[in-house]
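For the sequence shown, this note's numbering begins at 11 and goes up steadily by one. Below: the structure, in structure tokens.
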Amino acid sequence: MTRRRLSVAVVLIAVLVAVVTAVLGSFAALAYRHEAREHYERLQRDLTSAADQMAVALALPMWNIDNDQLRSIVGNGMSDRNTYAIEATANDQHFLLVRDAQWRAVEGKAVPAAEDLVVQERTVQRDGETIGQVRLYASPRFVVQDLEDWRNSALLFILALDIGLVLSLAAMLWWFMLRPLKALEHYAAAVEAGGSPAAPDRVLFFGELEALRDSIRKMIEMLNSRYLALRDSEERLKLATQSASIGVWDWNVLTGELALDDELQRIYGMGPGDFSGRVDEWFDLLEPQAAQKLRAEVQQTFDTDQPFDTEFEFLHPDGDVRILSCGGTVTRDASGRPVRMVGANLDITEMRKAERAISQLNAELEQRVEERTGQLMTAIDEVSRARDQAESATRAKSEFLANMSHEIRTPMNAVMGMTELALRGDLAPKQRDYLTKAKSAAESLLGVLNDILDFSKIEAGKLDMEHRAFALKDVLQQVVNLVGLRAQERGLRLQFSVDAQTPARLVGDPLRLEQVLVNLCTNAVKFTEQGAVRLTVEPVTPPPGTSSTVLRFSVKDSGIGMTPEQLAGLFQPFNQLDSSTTRKYGGTGLGLAICKRLVDLMGGQIGATSEPGRGSTFHFTATFGIAEASAAEERVEPLHADDSALFAALRGRHVLLVEDNELNQIVVSELLRDACGMQVTVAPSGPQALTLLAGTTFDIVLMDVQMPDMDGYDVTRRVRSDPAHAGLPIIAMTAHALAKDREKCTAAGMNDFVPKPFDPQELFGVLHKWLQGVSPPPGETAEPGSEPTNGVSVEAGLKSCLGKAALYEKIVRRYLTTRVQMPKEIQAALQANDRATAARIAHSLISTAGIIGAMGMSATARDLQRAIEADDTSRTVDLLGQIASQHETVCADLEGYLSRV
Numbered sequence: 011m012t013r014r015r016l017s018v019a020v021v022l023i024a025v026l027v028a029v030v031t032a033v034l035g036s037f038a039a040l041a042y043r044h045e046a047r048e049h050y051e052r053l054q055r056d057l058t059s060a061a062d063q064m065a066v067a068l069a070l071p072m073w074n075i076d077n078d079q080l081r082s083i084v085g086n087g088m089s090d091r092n093t094y095a096i097e098a099t100a101n102d103q104h105f106l107l108v109r110d111a112q113w114r115a116v117e118g119k120a121v122p123a124a125e126d127l128v129v130q131e132r133t134v135q136r137d138g139e140t141i142g143q144v145r146l147y148a149s150p151r152f153v154v155q156d157l158e159d160w161r162n163s164a165l166l167f168i169l170a171l172d173i174g175l176v177l178s179l180a181a182m183l184w185w186f187m188l189r190p191l192k193a194l195e196h197y198a199a200a201v202e203a204g205g206s207p208a209a210p211d212r213v214l215f216f217g218e219l220e221a222l223r224d225s226i227r228k229m230i231e232m233l234n235s236r237y238l239a240l241r242d243s244e245e246r247l248k249l250a251t252q253s254a255s256i257g258v259w260d261w262n263v264l265t266g267e268l269a270l271d272d273e274l275q276r277i278y279g280m281g282p283g284d285f286s287g288r289v290d291e292w293f294d295l296l297e298p299q300a301a302q303k304l305r306a307e308v309q310q311t312f313d314t315d316q317p318f319d320t321e322f323e324f325l326h327p328d329g330d331v332r333i334l335s336c337g338g339t340v341t342r343d344a345s346g347r348p349v350r351m352v353g354a355n356l357d358i359t360e361m362r363k364a365e366r367a368i369s370q371l372n373a374e375l376e377q378r379v380e381e382r383t384g385q386l387m388t389a390i391d392e393v394s395r396a397r398d399q400a401e402s403a404t405r406a407k408s409e410f411l412a413n414m415s416h417e418i419r420t421p422m423n424a425v426m427g428m429t430e431l432a433l434r435g436d437l438a439p440k441q442r443d444y445l446t447k448a449k450s451a452a453e454s455l456l457g458v459l460n461d462i463l464d465f466s467k468i469e470a471g472k473l474d475m476e477h478r479a480f481a482l483k484d485v486l487q488q489v490v491n492l493v494g495l496r497a498q499e500r501g502l503r504l505q506f507s508v509d510a511q512t513p514a515r516l517v518g519d520p521l522r523l524e525q526v527l528v529n530l531c532t533n534a535v536k537f538t539e540q541g542a543v544r545l546t547v548e549p550v551t552p553p554p555g556t557s558s559t560v561l562r563f564s565v566k567d568s569g570i571g572m573t574p575e576q577l578a579g580l581f582q583p584f585n586q587l588d589s590s591t592t593r594k595y596g597g598t599g600l601g602l603a604i605c606k607r608l609v610d611l612m613g614g615q616i617g618a619t620s621e622p623g624r625g626s627t628f629h630f631t632a633t634f635g636i637a638e639a640s641a642a643e644e645r646v647e648p649l650h651a652d653d654s655a656l657f658a659a660l661r662g663r664h665v666l667l668v669e670d671n672e673l674n675q676i677v678v679s680e681l682l683r684d685a686c687g688m689q690v691t692v693a694p695s696g697p698q699a700l701t702l703l704a705g706t707t708f709d710i711v712l713m714d715v716q717m718p719d720m721d722g723y724d725v726t727r728r729v730r731s732d733p734a735h736a737g738l739p740i741i742a743m744t745a746h747a748l749a750k751d752r753e754k755c756t757a758a759g760m761n762d763f764v765p766k767p768f769d770p771q772e773l774f775g776v777l778h779k780w781l782q783g784v785s786p787p788p789g790e791t792a793e794p795g796s797e798p799t800n801g802v803s804v805e806a807g808l809k810s811c812l813g814k815a816a817l818y819e820k821i822v823r824r825y826l827t828t829r830v831q832m833p834k835e836i837q838a839a840l841q842a843n844d845r846a847t848a849a850r851i852a853h854s855l856i857s858t859a860g861i862i863g864a865m866g867m868s869a870t871a872r873d874l875q876r877a878i879e880a881d882d883t884s885r886t887v888d889l890l891g892q893i894a895s896q897h898e899t900v901c902a903d904l905e906g907y908l909s910r911v
């Protein structure tokens with residue numbers, strides 16, 4: 011008997027009706043109680059009011075003993091239907107009106123007893139005297155009737171509401187829930203029957219039921235897809251097992267039944283009906299020895315729970331011996347007893363044959379490998395010898411380039427230096443023209459040499475990039491210095507534009523960045539006849555998650571421009587626009603190729619845009635780290651391509667030179683007067699400097715740090731103690747070049763620092779910085795890797811004298827006459843145990859030797875001063891011997907120079 015299913019709609023309606031009825035019944039009961047209390051309280055209030063009025067109304071009739079009036083008033087009081095009886099007593103008389111069965115007022119003798127009567131009694135008074143009593147009785151008969159009518163109305167309302175609720179809920183549930191659910195039921199039943207019905211109409215569903223419909227539809231679609239996937243998977247597995255000759259078996263250990271799939275029956279050569287399905291019959295297919303071994307392995311798997319994996323041979327019905335690999339897994343019951351074993355057999359006959367063939371081939375191959383290994387070792391030896399020869403050739407090439415660089419640069423420097431010195435003298439116009447052209451040719455030749463060497467380093471992978479902090483404005487100012495004069499000579503404007511968001515200090519290789527910018531700007535100037543060359547710098551959005559910045563540099567000119575064919579050949583080694591360009595403008599064609607390699611090393615890209623006759627724009631990007639910048643470096647200041655600006659800022663300024671060394675006095679005074687047009691006042695000691703400062707106004711002070719009577723630190727501190735000199739720039743000049751020496755100068759109140767022996771350009775730059783308020787263009791630096799020699803470098807001496815041969819000759823003669831005994835003076839001071847004097851003389855020798863170009867002796871004098879100050883006796887003795895030897899060589903070189911001039 012099928013159990014009748016209870017409709018969810020009936021349950022839902024019953025529950026809702028029961029809940030609504032219970033709620034409304036509760037509210038009706040509460041309302042009934044409230045209504046009853048109100049009726050009874052109103053009955054009590056009405057009776058109380060009537061009793062009070064009756065006592066007042068009866069006072070006069072009772073006083074006047076007017077019985078008729080008294081009966082009339084009592085009769086009027088019975089007009090209220092709730093009044094059951096009125097009883098009055100006065101003058102020993104008793105009056106009573108009471109209701110009969112028809113609720114008529116009749117006279118009576120006594121009030122019938124009733125439990126539900128409400129009584130109110132009053133005393134009737136006249137002028138404060140009690141003259142009678144009156145008692146009113148009220149019956150709740152009509153109150154009860156009214157409450158019964160209210161209750162019946164409420165019950166009828168609840169019943170009508172329940173009927174309406176049932177009908178409306180039944181209609182709504184049928185339309186909005188039962189009908190969609192019935193549609194889903196029919197849909198699911200059709201799917202269960204194996205059909206593919208269409209999904210129910212969406213119009214029937216809304217809200218949660220629509221979501222339920224969609225979920226059921228998706229579930230059925232998912233089940234269908236999984237069923238199809240499972241069927242496809244079974245088919246693929248069946249095909250795979252057939253293709254791989256893998257047969258699957260299933261053994262019921264308890265019943266001894268063994269099921270073999272079609273592929274396994276094919277492997278065993280069985281036809282339909284050949285196998286009864288018993289495991290013993292399968293064992294009988296094997297040779298007795300193989301069957302016994304296989305039974306033992308199966309039993310071992312049952313006992314130890316080890317994986318079942320074995321191989322065995324059997325005789326196929328076609329007469330061939332087949333080798334099968336057999337593996338299986340055991341399933342156990344709760345007690346651990348084997349109940350089922352499932353596995354697969356793989357026909358590995360061909361694989362074993364192949365393995366035997368491979369084993370034989372391996373033996374042959376090993377023999378051949380041994381033979382080839384001997385041949386290979388011979389070839390490796392030959393390659394190694396060839397590599398050694400190539401490396402030797404590379405080293406020879408590098409050494410040749412280095413030697414050629416040295417051999418070419420040395421005479422080239424002499425040619426350029428002597429040409430520069432000659433141009434500073436008085437020359438005839440034709441001679442000056444010849445020398446100017448010779449200097450220009452030498453500079454071009456040196457540029458070609460530098461390009462070839464740089465390109466060779468890049469091609470050999472020997473060019474290393476620096477990674478240090480630098481100020482971008484210093485690099486740009488150097489570009490101005492190197493390109494600005496050439497632009498002015500051609501009548502071109504050299505313009506710079508630096509975006510305000512560009513970091514002031516970067517981390518990278520400033521020299522290589524300068525090399526690229528100078529090359530591009532030089533090309534722009536070279537190929538531009540009129541107009542301007544503009545260099546623009548702006549930041550590019552860096553890669554996310556990095557602390558670096560990417561800058562874009564653009565060099566735009568208004569020159570001859572290029573065709574698309576010429577643009578395509580840019581940045582290739584030894585490439586020029588055409589032969590006529592080479593003849594007209596010169597160049598090796600290596601510059602842009604070097605720029606491309608350097609930009610690649612800086613993590614950027616380079617390119618160009620151009621139109622013939624409308625100029626060109628070369629642009630490249632480069633990646634840099636960001637270094638912290640001081641407040642003065644927060645933005646890159648505008649640059650000016652005017653080489654005369656530096657000397658113009660210094661011309662006419664008054665400088666106080668505080669220096670006790672006579673040779674230094676001569677050199678500095680001559681340079682500042684002749685080259686810069688400055689007024690120079692010399693103070694040979696600290697006290698004289700203080701006296702001059704007290705009576706004369708100076709623009710700047712050059713202060714020697716180490717002097718005999720009062721050193722530069724004390725002089726500076728005394729100058730700073732005077733408020734009038736608080737803003738006076740004081741520049742330290744000392745041979746002490748360590749960081750702690752710079753900090754000591756700063757602590758004493760000095761503004762900047764120039765090391766001895768000083769570079770004239772560096773000295774001019776520092777003076778320009780403090781007199782003009784802007785950073786100077788960087789000066790020339792020494793050739794990297796150059797070592798000080800024991801003799802005299804006339805070139806270095808002339809450089810310290812700004813190329814003035816007459817000044818240098820004057821300094822040399824003064825040295826040979828006044829400073830020739832300085833090494834002996836140091837030794838004498840040490841013998842007298844006067845270490846302070848010995849250190850002071852050694853300090854003076856540092857700058858003196860540097861001025862005359864004796865750089866080796868200058869370096870030894872610095873080491874000697876430190877050894878004396880450190881009280882290092884053994885090192886002091888060694889350095890004294892070196893100084894004496896170097897001094898003899900220096901004096902001989904200087905005398906030879908004087909004999910030549």
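Yeah, the Cβ is synthetic: ideal placement off N, Cα and C, and Gly gets one too.
- If the five residues before and after THR99 are omitted, its C-beta is found closer than 7 Å to the C-beta atoms of GLY142 and GLN143, all from its own chain and listed in chain order.
- Secondary structure note for ASP357: it is in no alpha helix (DSSP H), and the uninterrupted beta strand (DSSP E) holding it is 348 to 357.
- Taking C-beta atoms as the reference points, ASP271 and GLY283 fail to come closer than 8 Å.
- Taking all protein chains shown into account, THR756 has fewer than 16 neighbouring C-beta atoms within 10 Å of its C-beta and is therefore exposed.
- Contact between the stretch 50 to 61 and the stretch 76 to 86 is absent: fewer than three C-beta pairs spanning the two stretches fall below 8 Å.
- Following the DSSP letters along the chain, one finds VAL725 in no beta strand (DSSP E) but inside the alpha helix (DSSP H) bounded by residues 722 to 730.
- Counting other Cβ atoms within 10 Å of its Cβ, THR886 reaches 16 or more and is therefore classed as buried.
- Under a 10 Å Cβ-count criterion, LYS363 is classified as exposed, with fewer than 16 other Cβ atoms of the shown protein chains found around its own Cβ.
- About 7 Å separates the Cβ atoms of LYS566 and GLY625, confirming a contact at the 8 Å cut-off.
- Only residues of its own chain outside the window of five on either side were considered, and among them ALA632 have a CB closer than 6 Å to the CB of MET612, listed in chain order.
- By the neighbour-count criterion, in which 16 or more other beta carbons inside 10 Å mark a residue as buried, LYS228 falls on the exposed side.
- Distance from the CA atom of LYS303 to the CA atom of ASP224, rounded to whole angstroms, is 60 Å.
- In the three-state DSSP reduction, HIS326 falls in the coil class, being neither helix nor strand.
- Here DSSP, grouped into helix, strand and coil, assigns GLN103 to strand.
- Residue nearest to THR359 within the set ALA198, ARG395 and GLU321 is GLU321 (criterion: CA-CA distance).
- MET280 and LEU295 have their C-alpha atoms spaced approximately 11 Å apart.
- With a contact defined as Cβ atoms closer than 8 Å, LEU890 and ILE836 qualify at about 7 Å.
- When DSSP states are grouped into helix, strand and coil, TYR278 belongs to the coil group.
- Here the stretch 722 to 730 lies against the stretch 698 to 714, with 3 or more beta-carbon pairs under 8 Å apart.
- The DSSP assignment places 542 to 550 and 558 to 567 as complete runs of the beta strand (DSSP E) inside the stretch 525 to 585, in order along the chain (cut-off: 3 residues).
- Within the stretch 838 to 889, the complete alpha helix (DSSP H) runs of at least 4 residues fall at 845 to 862 and 865 to 879.
- Under the three-state reduction of DSSP output, SER507 falls in the strand class.
- In the three-state reduction of the DSSP assignment, ASN92 falls in the coil class.
- Looking at the backbone, the Cα of THR706 and that of ALA852 are separated by about 32 Å.
- Exposure of ASP126 is indicated by the presence of fewer than 16 other C-beta atoms within 10 angstroms of its C-beta.
- Under the three-state reduction of DSSP, MET717 is assigned to coil, being neither helix nor strand.
- Every alpha helix (DSSP H) stretch that sits fully inside the stretch 597 to 625 and reaches 4 residues is listed by chain position as 601 to 611.
- Non-local C-beta neighbours of ALA67 in its own chain, meaning closer than 6 Å and more than five positions away in sequence, comprise ILE83, ordered along the chain.
- In chain order, GLY494, ALA497, VAL543 and ALA651 place their CB closer than 6 Å to the CB of LEU504, counting only its own chain and leaving out the 5 sequence neighbours on each side.
- If you draw a straight line from the Cα of ASP610 to the Cα of ALA578, it is about 18 Å long.
- Shown here, VAL692 sits in a strand according to DSSP, grouped into three states.
- Per DSSP, ASN262 is one residue of the beta strand (DSSP E) stretching across 256 to 262.
- Following the DSSP letters along the chain, one finds THR341 inside the beta strand (DSSP E) bounded by residues 331 to 342.
- Counting only runs of 4 or more residues that sit fully inside the stretch 112 to 186, the alpha helix (DSSP H) segments are 151 to 183, in chain order.
- Ranked by how close their Cα comes to the Cα of PHE285, the residues GLU307, TRP259 and VAL154 have TRP259 in first place.
- For LEU521, DSSP assigns no beta-bridge partner whatsoever.
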